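Residue numbers (full-length UniProt numbering), protein chains in the order written: chain L, 1 to 351; chain Z, 1 to 351; chain X, 1 to 351.
For reference, the structure is listed below as structure tokens.
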Amino acid sequence: MAKDIGHATKTNPGRFFEDYRLGEVIEHAVPRTVSGGERALYHALYPARHALYSSDEFARTCGLPTSPVDDMITFHTVFGKSVPDISLNAVANLGYAEGRFHQPVYPGDTLQATSQVIGLKQNSNGKTGVVYVRTEGRNQHGSVVLDYVRWVMVRKRDEGAAAPDPVVPDLASVVDPATLILPEGLDFTHYDLTLAGERHRLGDYAVGEVIDHVDGVTIEEAEHMMATRLWQNTSKTHFDVTPRADRRRLIYGGHVMSMARALSFNGLANAQMIAAINGGSHANPCFAGDTLRAWSEVLATAPTAAPGVGAIRLRLVAVNEDGRAGALKDAAGKYLPHVLLDLDYWALMPV
Amino acid sequence: MAKDIGHATKTNPGRFFEDYRLGEVIEHAVPRTVSGGERALYHALYPARHALYSSDEFARTCGLPTSPVDDMITFHTVFGKSVPDISLNAVANLGYAEGRFHQPVYPGDTLQATSQVIGLKQNSNGKTGVVYVRTEGRNQHGSVVLDYVRWVMVRKRDEGAAAPDPVVPDLASVVDPATLILPEGLDFTHYDLTLAGERHRLGDYAVGEVIDHVDGVTIEEAEHMMATRLWQNTSKTHFDVTPRADRRRLIYGGHVMSMARALSFNGLANAQMIAAINGGSHANPCFAGDTLRAWSEVLATAPTAAPGVGAIRLRLVAVNEDGRAGALKDAAGKYLPHVLLDLDYWALMPV
Amino acid sequence: MAKDIGHATKTNPGRFFEDYRLGEVIEHAVPRTVSGGERALYHALYPARHALYSSDEFARTCGLPTSPVDDMITFHTVFGKSVPDISLNAVANLGYAEGRFHQPVYPGDTLQATSQVIGLKQNSNGKTGVVYVRTEGRNQHGSVVLDYVRWVMVRKRDEGAAAPDPVVPDLASVVDPATLILPEGLDFTHYDLTLAGERHRLGDYAVGEVIDHVDGVTIEEAEHMMATRLWQNTSKTHFDVTPRADRRRLIYGGHVMSMARALSFNGLANAQMIAAINGGSHANPCFAGDTLRAWSEVLATAPTAAPGVGAIRLRLVAVNEDGRAGALKDAAGKYLPHVLLDLDYWALMPV
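Now the structure itself:
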């Protein structure tokens, strides 16, 4: 015999468009301590080989106290915290901007996250709206480790709810390299190119150069779910086959980001640390069985204040097996069907 | 050319019903040190979000020295140790009772386990019997971390072997909440509901209330095998497709327990620690491809001696995609075919 | 619109046969710090139960400071480092010899690897050649942890390139047990057979005895890829379905080695540490869906200088579900089609 069900009051229905107020700060739940376990899992889930994140000794040679966890662990963990409050009812994750890594995260650090609503704009259909948030991750000392802006299209609960005054934040199309934050002590003057795996320094890359990273990885359900859970990302669409008629699970866009970044080692082994995320589009969905490949385009280079350290701005593109290095959009400016990710970021590289 | 095979003498055939003696204590092999690796894997395999097991800082706010490993890691590890001696030739895992968690387990702790035979009763068919054991897990200091009773139906090696005098232990149907053991120092007076993820305190739950935990997870072979191996559970049926005509692997019942418990976060985020297991039934088998959902029923509440800490008795039910919150048994008292697990436990929650 | 692609100059094409020079030493990239995360993942991926690698307390009873990581983690990590320089263009991994473990690796240790070319022999077809290397893994103190010889068949880039003078190293068919290196402090005089899981000491094994390890594991794609990535092994064939017409991924031979070794616990629980690898053949390829079983043959025993410690030489054979314990080769001396691995090693066991 069925009983009364209290889930309407006890479980998290997520926020709808009309639940957001401009300027409000949302403190996200479930802080997270990361350890060597997260690091090992990251290396099991992605073919990550950047030496600074693989070896304590290599990291020390670069002026860091020990090897930090991969920057994308920081990103995914902070992002995952925000999901229950920001994107549980999201129709689409529209974009990223002004992402900056403030300091590395080390095993033993505890991360928590807040988001401030910095923009709201109801869509003309009256059914959805765009929410802009600046999400900030902090460690156990209260210091910022990462902040970034993302905007998502969110459903309205009640289509009759009044539209807020539209506010669209003015976002930089690229993080000014002069404002990149360098980890304290970072110094690439004793950087070991042999141990890093490639001989190409910043000066060896030309703006406009395209690098085909060659290797491919065929994606499995178990892997993307393990990754997404590890970041405590609760978005239902990644785990449950029942909502879609084709019974497929949509892969977390961040899984594609990490896979593409790891594949980019082959040709960009010295693009060690991610300093900023300028923008990103999940151009097409990714499903288990897809074989991911990646290519990069050098967009710019810049000096930094740290000894021996330069910055390289890269477009990182993930494609499925029908994709081709260098092919991104069609004549109308639309992403080609085989492009899964177009990510624009700054990395730190020895000069 | 085939050679002589010595496995009859060297490999473990497991114990049969007539190998158990009332009162005997069996020391289980292969002690296990747990680390941050087990913790990270647990979070990759289950959507676990209870803050006390996610954040060292949150755990400290609750009076603990650091974040312990999930209580179910303790349960599975101790259970796994007992499998080669207790359930290698089991036909069925019949039940659990009187499970109590005595203290949390922290990264670096080493667990080992013993079981005492507390009951024996041959079945009327003369082919099998029921063995009752009280299994106890201890840490490297020799202190008990968990004990529980389970009973299993075990094959006889020799149907002609004499039946022992039947002894069925007198087991409590529920652990008396006055005997729950609280972790030393536990204090929920500074408990942060925002960081925990929900605002519902013990007083917000009514006895008889049913909570549909909403989220679903479709299960993969790789995941349940990784989990089961991590607990060093050697039961062949979970790993090997060849014994069954349908070539399916039966999923370890503990995998369903952990998945359901993790899913119950959505609606029971503040049911932080498991204090006792009153009983449990693996009502129907679970296979890869099943989509698991969970619902809970509040069975009772009770005070505890620890500051700000109350106890909540919950029925946690895991169902496959055809299940429905609140629907448990048919008119004849038989579990519905879509019910996989019916677990009765005490959790600790802020008052 | 497609752009210029620079991968010819930036990505690693791997070495071809004519790129190797006799005597040259190749320093492999991407040093690796291992942690409790690698340990936990190893136990999730393989049914590993040897107590010395499972429990800090058990390891201390054996005279070690704490529980080391599984010897095969050391092997795979060192092997993985060598792949981009030695076997990226390999047609076949032909053999191993003279492998010796010099000291255990503990969580926190950082491994790096070098290989010296010790033999070169062009094949008569003029298209390929055999490269012999002695690969050495060192820890952060510069001390050797493992060295072994392997030889691989490598493609020539240019079939017209001149053949080098053929040099085939003189390799021992078995490591002399008198030269086995025992971990400092190792002492099995207080070894606990009950906690180890079996009662069989070295003296209980007879040369020629064959042990069927009984248990089977059906292999999943996600698992072998996670394992192979964790060792930072970049060989494309393990990850990418697109190169083969049957769209199958070839499983890393080391995955079969670790699976078979873990399965061998059942009958060889006291063959605790691997001291040497005498030789090995990946007799037939392994694919996801295969159900692996293992059997061992005792080839020899020997004393060691460490208190209570003896050495046992074992042949470890992995078979698929059509295999049978003791059946290895056909009348013509060719491996039976169901044999996947034939590994010859020395393990340390209580006397």
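Quick reminder that beta carbons are idealized off the backbone N, C-alpha and C, glycines included.
Since the model is a prediction, treat every value here as computed from it, not as a measurement.
Is the shortest distance between the beta-carbon of residue i and the beta-carbons of chain L less than 7 Å?
i	result
Val-217 (chain Z)	yes
Ala-222 (chain X)	yes
Met-226 (chain X)	yes
Glu-38 (chain X)	yes
Arg-313 (chain X)	no
Leu-88 (chain X)	no
Thr-11 (chain X)	yes
Leu-41 (chain X)	yes
Val-332 (chain Z)	The question names Val, but residue 332 (chain Z) is Ala in the sequence shown. Taking Cβ atoms only, chain L never reaches closer than 7 Å to Ala-332 (chain Z), which makes this a no.
Give a yes or no on whether the minimum CB-CB distance between residue i and chain X is below 7 Å.
i	result
Ala-29 (chain Z)	yes
Thr-179 (chain L)	no
Arg-15 (chain Z)	no
Thr-194 (chain L)	yes
Arg-49 (chain L)	yes
So that I know if they touch, is there some Cβ in chain Z lying closer than 7 Å to that of residue i?
i	result
Glu-159 (chain X)	no
Gln-232 (chain L)	yes
Arg-21 (chain L)	no
Val-214 (chain X)	yes
His-200 (chain X)	yes
Ala-2 (chain X)	Note on Ala-2 (chain X): pLDDT 41, under 50, position unreliable in the model; the coordinate value appears next. No, Ala-2 (chain X) lies away from the interface with chain Z (no Cβ there is under 7 Å from its Cβ).
Tyr-335 (chain X)	no
Gln-100 (chain L)	Looking at the sequence provided, one finds Arg at residue 100 (chain L) rather than Gln. False, the Cβ-Cβ gap to chain Z never drops below 7 Å.
Do the CB positions of residue i and residue j come within less than 7 Å of each other?
i	j	result
Val-34 (chain Z)	Val-69 (chain Z)	yes
Val-317 (chain L)	Asp-344 (chain L)	no
Ser-115 (chain X)	Ile-26 (chain X)	yes
Ile-86 (chain L)	Val-30 (chain L)	no
Ala-269 (chain Z)	Glu-198 (chain Z)	yes
His-213 (chain X)	Gly-267 (chain X)	yes
Leu-94 (chain X)	Pro-164 (chain X)	no
Thr-242 (chain Z)	Glu-321 (chain X)	yes
Leu-180 (chain L)	Ala-275 (chain L)	yes
Leu-88 (chain Z)	Gly-14 (chain Z)	yes
Glu-237 (chain Z)	Leu-250 (chain Z)	Residue identity check: residue 237 (chain Z) is Thr in the sequence provided, not Glu. It is a contact, given that the beta carbons lie within the stated cut-off.
Thr-61 (chain Z)	His-190 (chain Z)	yes
May I ask you to report which of helix, strand or coil DSSP gives residue i?
i	result
residue 355 (chain X)	Because chain X here runs from 1 to 351, residue 355 (chain X) falls outside it and cannot be looked at.
Phe-138 (chain L)	Sequence inspection shows Arg at residue 138 (chain L); the Phe mentioned does not correspond to that position. Three-state result, Arg-138 (chain L): strand.
Pro-303 (chain Z)	strand
Phe-101 (chain Z)	strand
Arg-60 (chain X)	helix
Ser-115 (chain Z)	strand
Val-69 (chain L)	coil
Glu-27 (chain X)	strand
Ser-82 (chain Z)	helix
Leu-45 (chain Z)	helix
Glu-297 (chain Z)	strand
Thr-110 (chain X)	strand
Leu-52 (chain L)	helix
Ala-161 (chain X)	coil
Trp-346 (chain L)	strand
Gly-310 (chain X)	strand
Does residue i get closer than 7 Å to chain C when you measure Cβ to Cβ?
i	result
Ile-211 (chain L)	Protein chains L, Z and X are contained in the structure displayed, whereas chain C is not.
Query raised in the report: What alpha helix (DSSP H) runs, 4 residues minimum, are completely inside the segment 166-204 of chain L?
Result: 193-196
**Report entry** Contact residues within the segment 51-67 of chain L, judged by C-beta distance below 8 Å to chain X
**Finding:** For the segment 51-67 of chain L, which is checked against every Cβ of chain X, the residues closer than 8 Å are Ala-51, Ser-54, Ser-55, Asp-56, Glu-57, Phe-58, Ser-67.
Report task. Using a Cβ-Cβ cut-off of less than 7 Å, list which residues of the segment 258-273 of chain Z approach chain X; keep chain order. Result -> none
Query raised in the report: Mind listing which residues of the segment 132-154 of chain X have their C-beta closer than 9 Å to chain Z's C-betas, in chain order?
Result: none
Query raised in the report: Unbroken alpha helix (DSSP H) runs of length 4 or more, entirely within the segment 202-278 of chain X: which are they?
Result: The qualifying runs are 221-230, 253-263, 265-268.
Query - chain L contacts from the segment 239-252 of chain X (Cβ-Cβ distance under 9 Å) - result: Phe-239, Asp-240, Val-241, Thr-242, Pro-243, Arg-247, Arg-249
**Report entry** Contact set between the segment 290-301 of chain Z and chain X, restricted to residues whose Cβ is under 7 Å from the partner
**Finding:** none
Requested in this report: Would you list, in chain order, the members of the segment 317-328 of chain Z that have their beta-carbon closer than 8 Å to a beta-carbon of chain X?
Outcome: none
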